[in-house]
C-alpha cells in the first residue's frame with residue numbers, strides 16, 4: 039500500500055509491550071522505548087564528541103529510532119527465548135530480517151527501497167554509532183528494571199535484567215561514556231530511596247567488574 | 039523450585055495478550071482463552087458423544103487447558119510470523135518444545151515429570167480429542183474476531199482472522215460438530231446487529247465452501 | 039438464543055473482576071481464575087491418584103471449569119457480603135441457582151438442558167472431586183493474596199484473605215494434598231523475597247493449626 | 039477506626055465499576071457517578087425552584103452524594119439480578135441496609151452516628167428531593183447508555199438500559215423537569231451524530247409514551 | 039448547544055487524571071475527586087455546626103461539587119507549573135475564568151446564566167464555606183499522597199505533596215476542624231502499616247508546626 | 039541531580055497523554071508521539087533531499103525528538119486553551135520556556151548547558167528542518183484523528199482535529215512533501231474502510247484548498 043502503510047504500522051509499535059508476561063508496575067511500549075534510546079544516544083554521542091571522536095549523527099539517530107522497527111512483525115519476544123540458545127537467537131534474527139525484507143519490497147515504493155533497506159538493517163555493528171546504539175538500548179533496560187526495583191517489584195526477572203544490563207553497559211567499548219555513567223550517573227542512581235536494595239546490588243556488580 | 043514455580047507461572051499467562059500489536063476494542067489473555075477453549079470442547083464433545091462417538095474426557099480437558107501453556111516461554115508470537123513460512127513455523131514449534139522440556143526437567147519434581155511431559159506435549163493430533171481441541175481453539179479465534187467486527191473494528195487483520203478461523207472450522211473432520219456450528223450457531227451469529235457487515239462476509243465464505 | 043448465547047456469555051466472565059473495590063496491584067478475571075483452578079485440580083488430582091484414590095476426572099474438570107459460571111449473572115459479590123450472615127449467604131446462593139435455571143431453560147436447546155443442569159450445579163460437595171474443587175478454589179485465593187503481599191500491598195483485606203485461604207486449605211479433608219502443600223509448596227512460598235513479611239504470617243497460622 | 043476509615047472507604051467507590059461484566063467502550067466508577075448525579079440534581083432543583091417549588095437544598099445534595107455509598111459493601115450488583123424478582127430486590131436492599139448499620143455503629147464515633155444514620159438511609163422517597171434524586175440517577179444511566187450507543191456499542195444491554203432509563207425519566211412526577219428534559223435536552227440528544235441509530239429508538243419510546 | 043452540552047462535558051472530567059505525568063499506583067479523576075471533596079466538606083461542616091457555627095449548606099455543597107469544573111477547559115495543569123511564579127498562577131486563573139465565561143455565555147440558555155456564573159466562580163474565599171472547601175480540597179490531596187506512600191511509592195513528588203497538604207491543613211483558620219483532624223484522624227493515619235515511613239514524616243511536620 | 043534526573047524525566051513523558059479529557063478509543067503518550075514525528079521527518083527529509091534540497095539531518099532529528107520535551111513541565115495543555123487567544127498561547131509558550139531554562143540551569147551539569155539550551159529551544163522555525171518538524175507534528179495529529187474516525191469515534195473534537203491538521207499540512211511551504219502527501223498518501227488514506235465517512239470529509243477539505 040505504500041508509505042501510508044509504513045506510517046500506520048508505527049501505531050502497532052505503541053501496542054507492543056516490552057517484557058510481556060512479567061509482572062510490572064508500569065508498562066513500556068516499543069515506540070516510547072525507541073524515543074528514549076534516541077535521547078540517551080544524543081547525550082552519549084555529545085560526550086564522545088566532546089572527547090574528540092567524530093560522530094556520524096545522521097547514522098546514530100537513524101540507528102536508534104529504527105533499531106526495533108522489526109518488532110512490528112515479531113513482537114517483543116521474551117528475552118529468555120532469545121537467549122535460550124545461540125541457534126535460536128540466530129533463527130529469530132533471520133526471521134525478523136526476512137519479514138523486514140518482505141515488508142519493504144511489498145509496501146515501500148521502489149524509489150525508496152534502497153534507503154529503507156539500508157536504514158532498517160541491524161544497527162548494532164562495531165562502528166562508534168553501533169556501539170552507542172547498544173549502550174543506549176541497554177541503558178533503557180537498566181532504567182526499566184531500576185524503576186521496578188525502586189517501587190518494590192521483587193520478581194527475580196527484574197533483578198536479573200538490572201544485573202545483565204548494568205554488566206553489559208560497564209563492559210561496552212566506549213571509554214568516555216562508560217566512565218561518565220559509572221562515576222556520575224550511577225552515583226545518583228544509588229543515592230535514591232528505593233524499596234528493593236538497589237545500592238547493594240549495584241555495588242556487588244561493580245565489585246565483580248573490578249576483579 | 040518445584041510445583042510452586044509451576045503454579046506461579048500460570049499468573050504469567052494472565053499477562054500474555056493475544057494478537058499483540060493489533061488494535062482491538064477488548065484484550066484477551068491466554069489464561070482466559072484456555073478456559074473458553076475448554077468450555078467449547080465440553081459442548082462439542084457432548085455433541086459428538088450424543089452422536090455415538092467415544093470421548094476420552096480426561097484427555098480432552100487436559101489437551102484444552104494445557105494447549106497454550108508453552109506461551110509462558112515464547113509469548114503469543116504474532117500469527118503472520120508463525121505462518122510466514124513452514125520452516126519458521128517448525129522452528130518456533132521446536133523452540134517451544136525445547137523450552138517446555140527444560141522447564142519440566144528443571145522445575146518439576148522427578149515423580150511428576152512423566153505426567154507433565156505427557157500432558158504438555160502438542161495436543162492437536164488426529165484423535166477425536168485432538169480434533170475437538172483444534173475446533174475449539176479456532177472457535178475462540180472466530181469469536182474474538184467476531185466481537186471486534188461487531189463493534190466496528192475495521193482493521194483488515196480481524197476480517198482476515200474471522201475468515202481464516204471460519205474456513206478452518208468448516209473444514210474440520212468433525213461432521214456432527216461442524217454441522218451444528220454451521221446450521222445452528224452460525225444462524226444466530228449472522229442475525230446479530232453488527233457494525234461491520236459480518237453477515238455478507240460469512241455468506242461469502244459459506245458459498246465458497248460449497249463450491 | 040441457544041448455544042451462541044452461552045458461548046458469548048463466557049466473554050462476560052473475562053470482565054468480572056475478582057475482589058471488586060479493593061486496591062490491588064494486579065486484577066484477575068473470573069475466566070482466568072477458572073482456568074487456574076482447573077490446573078491446580080489437575081495437579082492435586084494426580085497426587086491423590088498416585089496415593090491410591092480413584093479420581094473421576096471428567097467430573098473434576100467439569101466442576102472446576104464451571105464452578106463460577108453463575109457469576110455471569112450476579113458478579114463477584116464482595117466476600118464480606120457473602121459472609122455477613124448465614125441467611126444472606128443462603129439467599130445469594132438461591133438467587134444464583136434460580137438465575138442459572140432460568141438461563142438454561144431459556145437459552146439452552148432442550149436436548150442439552152439435562153446435561154447443563156447437571157454440570158452447572160454447585161460442585162463443592164463431599165465427593166473427592168468436590169473437595170479437590172474446594173482446595174483448588176481456595177488455593178487461587180491464597181495465591182492472589184500472596185502476590186499482593188509480596189509486592190507490598192498493605193491492605194488488611196489481603197492479609198485476611200491470605201489467612202482465611204491458608205487456614206481453610208490446611209483443614210481440607212484431603213490428607214495427601216494438604217501434606218504436600220504444607221511440606222513442599224509452602225516451603226517454597228515462604229522462602230521467596232516479599233515486601234510484606236509473609237513468612238512470619240504463615241508461621242503464625244501454621245502454629246495455630248498445630249495447637 | 040473512626041472517620042479515617044470512613045474517608046478511606048470512599049476510595050473503594052472509585053474502584054467499583056458500574057454495569058460490571060458488560061462490554062463498554064468507557065468505564066464509570068460509582069464515585070464519579072455520584073458527582074454527576076449531584077450536578078444533574080443541582081440543575082433540575084434550580085428549574086423546579088424557578089417554577090415555584092421549595093427545594094431543601096441541603097437534603098437534595100446529601101441525598102445525591104450519599105445515595106450509592108452502600109455499594110462500598112455490596113458492589114454494583116448487576117441490574118438483572120436486582121430486578122429478577124421483587125423478593126430478591128428486597129433482600130438485597132435489606133442486606134445493604136444491615137451492612138450500612140453495622141458500619142456506622144462500628145466505625146463512626148457515637149456523637150456522629152445519628153447524623154450518619156439519617157444521611158445514609160435510602161434517599162428515593164416521595165419528597166421533591168427524593169424524586170429529584172431518582173430523576174438524576176436515571177439520567178446518568180441514560181447518559182451512560184447513550185454514550186455507548188453513540189460510539190457503536192451494539193450490545194442489547196445498552197439499548198435496553200437506554201430504553202428503561204428514558205421511559206422512567208419521562209414518567210417521573212416532576213412536571214417542569216420532565217418537560218424541559220423532553221422538549222429541550224432530548225432535542226439536542228437526538229440531533230447528534232451517532233453510530234447506533236439513537237434517534238429512531240428515542241422516537242419510538244416517545245411515541246409509546248404518548249399513547 | 040445548551041444544558042445537554044453542559045451535562046456531557048461532565049464526562050470529560052472523568053477522563054482528566056490528577057497529577058498527570060507522575061508515577062502512581064492508582065489514578066484519580068477530577069469527577070471522583072470532586073465527590074470526595076463534597077463528602078469531606080459534609081463531615082467538617084457538621085463538626086463546625088456542632089461547634090456553634092452557622093453553615094450555609096447550599097453554598098458549601100455547590101462550592102465543592104463545582105470547584106474544579108473549569109479543569110474541563112484547561113486540564114489538571116501540573117502543580118509545579120501553577121506554583122512556578124505568582125504571575126503564572128494568576129495568568130492561569132485568568133484563563134480558566136475567561137474560558138468558563140465563554141462557555142456559559144455560549145452554551146447555557148440565558149435564563150440560567152446568572153445562576154451558573156455565580157456557582158462556577160472560584161469558591162475558595164474567606165467565608166466559612168470557602169475555608170471548608172479549601173480544607174476538603176487539601177484533604178483529598180493529603181489522602182492521595184498518603185495512599186501512594188502507604189503502598190511504597192518512593193517518588194519525591196508524593197512526599198512533597200503529602201508535606202504541603204498536611205502543612206496547609208494544619209494552618210487552616212478552622213479551629214474545630216483542624217483540631218479534630220490533628221487529634222483524632224491523624225492518630226489513625228499514623229497507626230496504619232505503611233511501606234514508606236509516613237509516621238516519622240508526619241511527626242516531623244507536626245513538630246515543625248509547634249515551634 | 040544531573041543527567042540521571044534528565045534521563046528519568048523522560049519516563050514522565052510516557053505518562054503524559056495527548057488530548058487529555060477527550061473520549062478516544064486509543065491513547066497516545068508524548069514519548070511515542072515524539073518517536074513517530076522523528077520517523078515522519080526521516081521520510082519527508084529524504085524526499086526533500088531527493089528533490090535537491092540540503093537537509094541538516096542532525097538538526098532535523100534533534101528538533102523532532104526534543105520538540106515536546108517541555109511538556110514534562112506543563113503537560114499536554116488542551117489545544118482549545120492554547121488557541122483561545124494569541125496572548126494566552128504566548129503566555130504558555132513563555133512559561134514552558136522559563137521552566138525549561140530553570141530545569142537546565144538546575145539539573146544539567148555546566149559543561150552541557152549550552153548544548154541543552156540549543157537543543158531544547160522551540161524548533162518550529164523557518165528553516166527547512168523547522169518546517170519539516172511542523173509537517174511531521176501535524177501529520178501525527180492527522181493520523182491520531184484519522185484512527186479515531188476510522189473506528190467510529192463521532193466526537194466533533196476529532197473531526198475538527200482532522201480538519202485543522204489536514205488543512206495545515208496542505209498549506210505547508212514544503213512543495214515536494216505536500217505534493218507527495220496529497221497525491222500518494224492521501225489516496226491510500228481515503229481508500230480505507232472507515233466507520234465515519236473520512237473520504238467525504240477529506241474531499242471537502244481538498245476542494246476548499248483548491249479555491
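Chains as they are written, first to last, in my numbering: chain U, 39 to 249; chain R, 39 to 249; chain E, 39 to 249; chain P, 39 to 249; chain F, 39 to 249; chain W, 39 to 249. C-beta: ideal position from N, C-alpha, C; glycine also.
Extent of the continuous alpha helix (DSSP H) to which residue i belongs
| i | result |
| --- | --- |
| residue 222 of chain U | Careful: residue 222 of chain U lies outside any alpha helix (DSSP H) and carries neither H nor E. |
| residue 197 of chain P | 194 to 208 |
| residue 104 of chain U | 95 to 104 |
| residue 245 of chain P | 236 to 248 |
| residue 112 of chain W | 109 to 112 |
Contact belief for residue i with residue j at Cβ below 8 Å, rounded distance in angstroms
| i | j | result |
| --- | --- | --- |
| residue 208 of chain E | residue 86 of chain E | No, residue 208 of chain E and residue 86 of chain E are not in contact; Cβ-Cβ is about 17 Å, not under 8 Å. |
| residue 116 of chain R | residue 111 of chain U | 7 Å |
| residue 184 of chain E | residue 200 of chain E | 6 Å |
| residue 109 of chain R | residue 51 of chain R | 7 Å |
| residue 71 of chain U | residue 171 of chain U | With a Cβ gap of about 13 Å, residue 71 of chain U and residue 171 of chain U do not count as contacting. |
| residue 101 of chain E | residue 161 of chain E | 4 Å |
| residue 65 of chain P | residue 54 of chain P | Not confirmed; about 10 Å, so no contact. |
| residue 103 of chain E | residue 76 of chain R | 5 Å |
Those residues which DSSP pairs with residue i across a bridge
| i | result |
| --- | --- |
| residue 67 of chain F | F:55 |
Residues near residue i by beta carbon distance below 7 Å, same chain, minus five either side
| i | result |
| --- | --- |
| residue 190 of chain F | 233, 234 |
| residue 145 of chain U | 39, 40, 43, 44 |
| residue 195 of chain P | 60 |
| residue 63 of chain U | 186, 189, 191 |
| residue 98 of chain R | 79, 83, 167, 170 |
| residue 180 of chain P | 200, 203, 204, 207 |
| residue 91 of chain R | 166 |
Cβ neighbours of residue i in the same chain (closer than 6 Å, five flanking residues each side left out)
| i | result |
| --- | --- |
| residue 78 of chain W | 174, 177 |
| residue 94 of chain U | 167 |
| residue 236 of chain U | 187 |
Cβ-based neighbour list, residue i, same chain, cut-off 8 Å, excluding 5 preceding and 5 following
| i | result |
| --- | --- |
| residue 130 of chain E | 112, 115, 119, 120 |
| residue 210 of chain P | 169, 172, 173, 176, 216 |
* Secondary structure, alpha helix (DSSP H): runs of 4+ residues fully inside the region 117 to 169 of chain F -> Fully enclosed alpha helix (DSSP H) runs of 4 or longer: 117 to 122, 124 to 145, 148 to 158.
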